[in-house]
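If you use the numbering used here, the sequence shown closes out at 538, no skipped numbers anywhere.
Think of the CB as a built atom: it goes at the ideal place given N, C-alpha and C, for glycine as much as any other residue.
First the structure, in the form of structure tokens, and then the observations on it.
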Amino acid sequence: MNYSKNTQIQVLPEGGETPIFKQFFKDWRDKDQSDGFGKVYVTEKVAQIKQIPFDASKLHSSPQMAAQHNMVDDGSGKVEIWRVENNGRIQVDQNSYGEFYGGDCYIILYTYPRGQIIYTWQGANATRDELTTSAFLTVQLDRSLGGQAVQIRVSQGKEPVHLLSLFKDKPLIIYKNGTSKKGGQAPAPPTRLFQVRRNLASITRIVEVDVDANSLNSNDVFVLKLPQNSGYIWVGKGASQEEEKGAEYVASVLKCKTLRIQEGEEPEEFWNSLGGKKDYQTSPLLETQAEDHPPRLYGCSNKTGRFVIEEIPGEFTQDDLAEDDVMLLDAWEQIFIWIGKDANEVEKKESLKSAKMYLETDPSGRDKRTPIVIIKQGHEPPTFTGWFLGWDSSKW
């Protein structure tokens, strides 16, 4: 079957079924289930299971906790990493663990008392040959270990919490494009911009983004590296202390002497280095650290012959925007309807109706006048792109 290269496989325990899993069953009913699109998908109704606080010491005795938090343990086992190169795998130096290049693929072997996990990380700009080779080498490694390892393919930007935890106190750094292969590196540009974001599990990721003012986001911290190894740490009004620590970490990795500046107090050199001051993602919600209303992304499609809306699980990325569908992004203060270039008329029409119903049936007391913004693929404003970590403006 022609599955997308970004297709993920997820194992669910009984009682921990996600909305996407349930929608494949025509008559699925949950206990105390509410009818209506909005009532099913708002925060209070996403999962009809008791939320269990995370406690790494109890993961082995609580499969439901492990499934909810996507953590098999606390990440304290043995870690080995290889880079895919020339139809083989090259051992990565431990000092470089947690630093990935978007043009590479990596194989991460995690060994812990209950078994082994093989993560296959595939960069967004890796070649087709490398993607194929990484899959083959993963199977080969599994066989050499006795064929009992859990295999998890990970696309760039979709890193599960457990994988991120393997680098201990080091945040994951993803360099834009490029490769870490010997002799394959192009000279690093003199000016670079890195976005630092903490996810809902309080784990920090750092992604190199376009050197442009519209890459900024009031909810994050950014590191701007300038020539002669000087630079700035730009702290958004809604950024967290963990994100500031992540920024200091990447600045040390880049051997960059930085000046900390708060959003709204930027010197002229800062804006000039980004090509001039421009609009970027900011709002009263983003200027706070409140996590009561995290953004949520839904896919709207009638490919099965009936119109279906399903939530994209976990942290979403630009790759989740399907060009042949319509997507609904709930940013709380406004709802975006993103229309892919190959979406059909039924999807466009039904998506707008569903967005209105989504607001009307939300039991949390949403303002029915919340703006619904319709945007087309390739013409996304910063108020939309800012919700996606590491948005690539050249993707389409």
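Pairwise C-alpha distance: residue j and residue i
| i | j | result |
| --- | --- | --- |
| Glu385 | Asp462 | 24 Å |
| Asp472 | Ile223 | 37 Å |
| Gln404 | Glu522 | 26 Å |
| Ser382 | Ala393 | 17 Å |
| Trp474 | Pro436 | 8 Å |
| Trp480 | Ser425 | 20 Å |
| Ser535 | Gln460 | 10 Å |
| Asn356 | Lys220 | 40 Å |
| Asn319 | Asp421 | 25 Å |
| Asp509 | Val488 | 27 Å |
| Asn414 | Lys367 | 13 Å |
| Lys110 | Ser360 | Not covered by the structure: residue 110. The range shown for the chain is 143 to 538. |
| Gln519 | Tyr254 | 44 Å |
| Thr321 | Gln298 | 14 Å |
| Ser443 | Leu494 | 12 Å |
| Asn486 | Lys300 | 28 Å |
| Leu396 | Glu502 | 49 Å |
| Asp484 | Thr400 | 44 Å |
| Pro331 | Trp376 | 19 Å |
| Thr527 | Phe458 | 12 Å |
| Leu283 | Glu452 | 35 Å |
| Met469 | Gly441 | 5 Å |
| Ile516 | Ala497 | 11 Å |
| Tyr183 | Gln233 | Low confidence applies here, because Tyr183 scores a pLDDT of 30, under 50, leaving its location unreliable; read the following figure in that light. For Tyr183 and Gln233, the distance between alpha carbons rounds to 44 Å. |
| Ala291 | Ala389 | 35 Å |
| Ala266 | Tyr243 | 9 Å |
| Val188 | Leu439 | Reliability of the predicted coordinates at Val188 is poor, the pLDDT of 30 falling under 50, and the value obtained from them is presented with this limitation in mind. Near 13 Å, if we compare the C-alpha coordinates of Leu439 and Val188. |
| Pro524 | Asp354 | 11 Å |
| Ser203 | Tyr239 | Residue confidence for Ser203 is low, a pLDDT of 43 falling below 50, so the modelled location carries little weight; the figure read from the coordinates is stated next. Looking at the two C-alpha atoms, the distance is approximately 30 Å. |
| Ala277 | Glu241 | 20 Å |
| Ile259 | Ile294 | 7 Å |
Backbone secondary structure at residue i - three-state DSSP
| i | result |
| --- | --- |
| Gln519 | coil |
| Glu489 | helix |
| Trp533 | coil |
| Pro524 | helix |
| Leu439 | strand |
| Asn237 | helix |
| Asp472 | strand |
| Val338 | strand |
| Lys220 | strand |
| Asn356 | helix |
| Ser297 | strand |
| Leu494 | helix |
| Glu227 | strand |
| Leu501 | helix |
| Trp538 | coil |
Candidates the options, of which the one nearest residue i by Cα
| i | options | result |
| --- | --- | --- |
| Met499 | Arg334, Lys518, Ile477, Lys300 | Ile477 |
| Gly373 | Ser382, Thr333, Asn361, Glu405 | Thr333 |
| Phe364 | Asp216, Ile315, Asp509 | Ile315 |
| Gln236 | Arg225, Val488, Gly245, Ser286 | Arg225 |
| Val214 | Thr527, Phe526, Leu305, Ser276 | Leu305 |
| Arg270 | Asn228, Ser238, Gln282, Ser286 | Asn228 |
| Pro369 | Leu335, Asn341, Arg340, Asp362 | Leu335 |
| Leu531 | Asp352, Arg448, Lys491, Glu492 | Asp352 |
| Gln337 | Asp284, Arg438, Asp216, Glu350 | Glu350 |
| Pro455 | Pro302, Gly245, Leu279 | Pro302 |
| Cys247 | Pro409, Ile259, Thr274 | Thr274 |
| Gly217 | Leu251, Ile232, Gly244, Ser238 | Leu251 |
| Thr262 | Gly230, Val296, Ala268, Val450 | Val296 |
| Trp533 | Thr446, Asp504, Gln423 | Gln423 |
| Phe449 | Phe412, Gly245, Lys419, Lys491 | Lys491 |
| Thr346 | Ser286, Asp311, Ile260, Glu465 | Asp311 |
| Ala268 | Gly257, Tyr317, Asp467, Val281 | Tyr317 |
| Trp538 | Asp504, Ser307, Leu416, Glu465 | Glu465 |
Boundaries of the alpha helix (DSSP H) in which residue i is found, first to last residue
| i | result |
| --- | --- |
| Asp509 | Segment: none, Asp509 is in no alpha helix (DSSP H) and carries neither H nor E. |
| Val303 | 303-307 |
Extent of the continuous beta strand (DSSP E) to which residue i belongs
| i | result |
| --- | --- |
| Val351 | 346-351 |
| Glu452 | 450-453 |
| Trp480 | 477-481 |
| Leu314 | 314-317 |
Practice item. List in chain order: all unbroken beta strand (DSSP E) runs of 3+ residues lying wholly within the stretch 361-434. Key: 363-368, 372-377, 399-404
Exercise for review: Within the stretch 249-293, note down every full beta strand (DSSP E) run reaching 3 residues or more, in order along the chain.
Suggested key: 257-264
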